[in-house]
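All letters in the sequence shown, in the order written, are residues 680 to 1024 by the working numbering.
Notes for the one structure printed next.
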Amino acid sequence: MADVFLSYAREDAARAQRIAEALLAEGVDVFWDNEIPPGSTWADFIESKLTQCKALVVLWSEHSTKSQWVREEARMGRDKGVLIPVMIDASTPPFGFGELQAANLSDWQGQRDQPNWRRFADAVSNAAKGAPRQPAQTFAAAPPRDAAPQLQPQQPQAPANKGLPVWAWVAGAVIATIVVLGLIGSLMPKETGQTQQAAYAPPQQQMEAAQPQQGAPAPPQSAQILMQQLQQAGQLAAQQGFQQVGQPFAGGLIQGQSWNVPAQLVAGYEYRVLGVCDQNCRDLDLSVYDESGATVAQDNATDDHPTVAIAPAANGQFTIQAQMFQCSAQPCYYALVLYGRARQY
């Protein structure tokens, strides 16, 4: 059984081979997917290796940051607590992976005495010597996407099931980490089927914030993950010239449930809705509907950090729907934040 799983993009195979061979020379048993035996199913074989590994090394590059497979493997390593990220060029880690310090091997040419290599190799070696970790949780089968609750135009309704969340609005900027951590914890099951209103406004206006209700807090690990991912979202959006609109909010949903939020958007601006979710969430989807109920944007990729873009042609009320598509806990916790900027033509 290999102690270390190496995740990389196909375009970076030569770099991956050099790193794998150098780790083998350090006495570390490395698996990379050129070893898949004939007759084996790729997905099953990879998953078994991921479950068994003591460390998962992901090579982030301009290619791997765009690869769904690499991000999925990295997510599994992150959720197990065994992820060791490595930068092999000047790219930045994808959204949701910036909270971990990455080793910098962008200028490494194979020298085993190079300082950056030594720090990386020592970290991998120490992880490989540790006790095996518990296998990742088994996720329940996801419901079909067409089973999502139907949108009610202009008056969106959340499912009436007991267990739906009450929004906890974060009082303060994304960078105010202590406040974010405290209020993300103010999540509780919702006892009625009423939808709590959340009015968005363009950047120059003030958003009306609902008061958080007291209840059972999110687990500390979930709250910390949401806090870190909201920080990362803010940094990436700011780099693109976006400003945060109002305050983030968070909630909890079980698998298959969704939540609708009315949003008043203004022509002349372009918006981004960013979603994040905790370690128990495997797939969070976002959709945006106009007043007629028509879909104007959606992200239903299999990931835990959806993003949708909206550039309204006219002022109007839109509906943002978050659906917890795959979740291994009851509930999974998530957060959404809206960013906007003057439309660029």
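Cβ atoms here follow ideal geometry from the backbone N, Cα and C, with glycine treated the same way.
Just so it is clear, the structure is predicted and the values come from calculations on it, not from any experiment.
Counting other Cβ atoms within 10 Å of its Cβ, G1019 reaches 16 or more and is therefore classed as buried. For the pair A688 and S743, the CB atoms are nearer than the 8 Å cut-off. Y968 has T974 and T998 as its beta-bridge partners, per DSSP. Rounded to the nearest angstrom, the Cβ distance from L953 to A912 is 4 Å, consistent with a contact under 8 Å. Scanning its chain for C-beta atoms nearer than 7 Å, with the 5 sequence neighbours on each side dropped, one finds around V803 the residues V683, L702, V707, A734, V736 and I763, in chain order. Contact between the region 726-733 and the region 748-766 is established, with three or more Cβ pairs separated by less than 8 Å. Apart from the 5 residues on each side of it in sequence, A699 sits with its Cβ closer than 8 Å to the Cβ of L685, V709 and W711 in its chain, given in chain order.
In the DSSP assignment, G954 forms a beta bridge with L1015. Among the bridge pairs identified by DSSP, N939 is matched with Q1000. Secondary structure at V707: coil, using DSSP grouped into helix, strand and coil.
Membership of P794 in the alpha helix (DSSP H) is indicated by the continuous run P794 to K808.
Assigned with DSSP and collapsed to three states, L762 falls in strand. Pairing A917 with P773, the inter-Cα distance amounts to about 15 Å.
The continuous beta strand (DSSP E) containing V736 extends over residues A734 to W739. Put simply, the backbone Cα of Y950 is about 24 Å away from that of D957.
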